[in-house]
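Chains as they are written, first to last, in the numbering used here: chain U, 1 to 287; chain Y, 1001 to 1279.
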């Protein structure tokens, strides 16, 4: 642990003048942004031009296998017009978010309880490890038997996937708490409640948030997998149905929608993480 | 071997000014105290200290010195009640200690500041636990920060403070709830010489002010002689006391003057031979 030094330094006028001469990096950032736009536009254009009817001269790959951007756009337009897209996105999002919230809550609670009690942890660890070892997808048939084709089976799948990720992170985070911090509070007459709320939980927060962050994409994967296996709604269902109808553009459009959903969920998580771990950013800023 | 120093000391070293009340609380007594640790991980079980008899009078500044592994920190942790002795009894103010000793302040080499709290929230945490109202807490935090020279850094996170400032912060966090006794475990161990010197001066200044009982673990002989009324010398295998030295330099002390004092060298050499011989 090295000492960091951001200690109340005040720049003189000369210093500020020097600092002002540093390159701002604005041009560089604009260049990168422009490069990205060009790259993506180029890829889409190439896709559009080189994919098509195999009898056409420009065609390199048969449209049947990879579709083309204009066909995907068309497929999306039809879905939006007849309302299929929004209703199925909502189903998938519901399964993902509700399942995530329940799984994360259970994971945090059980992880915390076992984390603060070494004896309980030792007793339960073989059971948890055995359950964790089951490939989650193998549970789908069971969930279908229990909950039917509706949302219940998918929720159950998302919950089991998220639970273990959050559980293990919370558990490790709680056990990782520095005993020195706890001791200082103990001599201050802190109760267990004080120690948990003021030290254990904030200290484990980095771990917990890491667990939450990695489990968001897994939650989406679990929901879509469940929909693809047996369902009558959701983005997974939409993709499988398009595939069954040899509607390649629909499959690609569905995948595109899922990609956008995953990116949005990721951005939301990154935003929340920044809010919750403000102190951490400060630390990194000066290290 | 057991050295006992049942104390009957009438007057404290140094004059008592008007504001300074004679300290009557915060005395410690170890009676036949031994501590063994069970195996942990790949560490074999071992005896940290054996049959310690030691009395620390209220209001005294006592340094524990000795090689690592001589059980100084173990003794300090038992004084804090963080774990009980395997045999024997620790008395605090004449009463056998049971559970955590909440009348002490405890500072170790690590800062143990909460990295997610700002300086003011770190310093005020003891008052939060005591449910002191917010405005009162504010006032006392400001006061204590002023005392240790950290005014102006209230909103800084520990990672934004220098090593010396973090050390002052731990001092402030401890002083704010006015414990009768300070248990310090190599508090300045990780600091460079100049910083160490200025913090020692600071600590002495604060100690002259309210004469708390101080139990100060160090492996730095200079530091022990400069600060202490009394130096308890430990040896290893098993951890035990081999000597107790009374240090009689006048107070308030000026560290630079004491270093030039011929008595300093004499005491230093005598204790060094003891520690060397037993290490």
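Every residue, glycine too, gets a C-beta built ideally from N, C-alpha and C.
Query: Residue interval of the alpha helix (DSSP H) (run including residue 121 of chain U); Result: 118-133
Query: Cutoff 7 angstroms: residue 25 of chain U Cβ touching any chain Y Cβ; Result: no
Query: Cβ pair residue 1127 of chain Y, residue 1154 of chain Y closer than 7 angstroms; Result: no
Query: Option in Y:1130, Y:1114, Y:1228 with minimal Cα separation from residue 300 of chain U; Result: A question about residue 300 of chain U goes unanswered here, because the residues of chain U that appear run from 1 up to 287.
Query: Residue burial classification, residue 274 of chain U (beta-carbon count within 10 angstroms, cutoff 16); Result: exposed
Query: Beta-carbon proximity of residue 1106 of chain Y to residue 1029 of chain Y, cut-off 7 angstroms; Result: no
Query: Residue 180 of chain U: contacting residues in chain Y (beta-carbon distance under 7 angstroms); Result: 1108, 1110, 1112
Query: 7 angstroms Cβ cut-off: residues of chain Y touching residue 184 of chain U; Result: 1106, 1112
Query: Positions along the segment 1054-1084 of chain Y whose CB lies within less than 9 angstroms of some CB in chain U; Result: 1077, 1080, 1081, 1082
Query: Chain U contact for residue 1039 of chain Y (CB, 7 angstroms cutoff); Result: no
Query: Residues that residue 1101 of chain Y contacts on chain U, provided the C-beta gap is smaller than 8 angstroms; Result: 187
Query: C-alpha gap between residue 64 of chain U and residue 74 of chain U, whole angstroms; Result: 15 angstroms
Query: Beta-carbon proximity list for residue 300 of chain U, same chain, < 7 angstroms, skipping 5 on both sides; Result: What the structure shows of chain U is the stretch from 1 to 287, and residue 300 of chain U is not part of that stretch, so it cannot be assessed.
Query: The segment 1114-1144 of chain Y: positions lying closer than 9 angstroms to chain U by Cβ; Result: 1114, 1115, 1116, 1117, 1118, 1125, 1126, 1128, 1129, 1130
Query: Span separating the alpha-carbon of residue 176 of chain U from that of residue 202 of chain U; Result: 12 angstroms
Query: Element boundaries [alpha helix (DSSP H), containing residue 194 of chain U]; Result: 192-195
Query: Meets three-Cβ-pair contact criterion under 8 angstroms: the segment 185-200 of chain U and the segment 159-167 of chain U; Result: no
Query: Check whether residue 1292 of chain Y and residue 1131 of chain Y have beta carbons under 7 angstroms apart; Result: An answer regarding residue 1292 of chain Y cannot be provided, because it is not within the stretch 1001 to 1279 covered by chain Y.
Query: Strand pairing of residue 91 of chain U, partner residues [DSSP]; Result: Paired residue(s): none; residue 91 of chain U is not in a bridge.
Query: Contacts of residue 199 of chain U in chain Y (Cβ-Cβ under 9 angstroms); Result: 1114
Query: Euclidean distance between Cα positions of residue 1210 of chain Y and residue 131 of chain U; Result: 59 angstroms
Query: Interfacial residues, the segment 1176-1193 of chain Y to chain U, with Cβ spacing under 7 angstroms; Result: 1177
Query: Beta carbon proximity, residue 202 of chain U to chain Y, threshold 7 angstroms; Result: yes
Query: Interface flag, residue 13 of chain U vs chain Y, CB-CB below 7 angstroms; Result: no
Query: Nearest-angstrom beta carbon gap, residue 1271 of chain Y and residue 1231 of chain Y [assumed within contact, 8 angstroms]; Result: 7 angstroms
Query: Residue 196 of chain U at chain Y interface by Cβ criterion, 7 angstroms; Result: no
Query: Residue(s) in a DSSP beta bridge with residue 1087 of chain Y; Result: Y:1034
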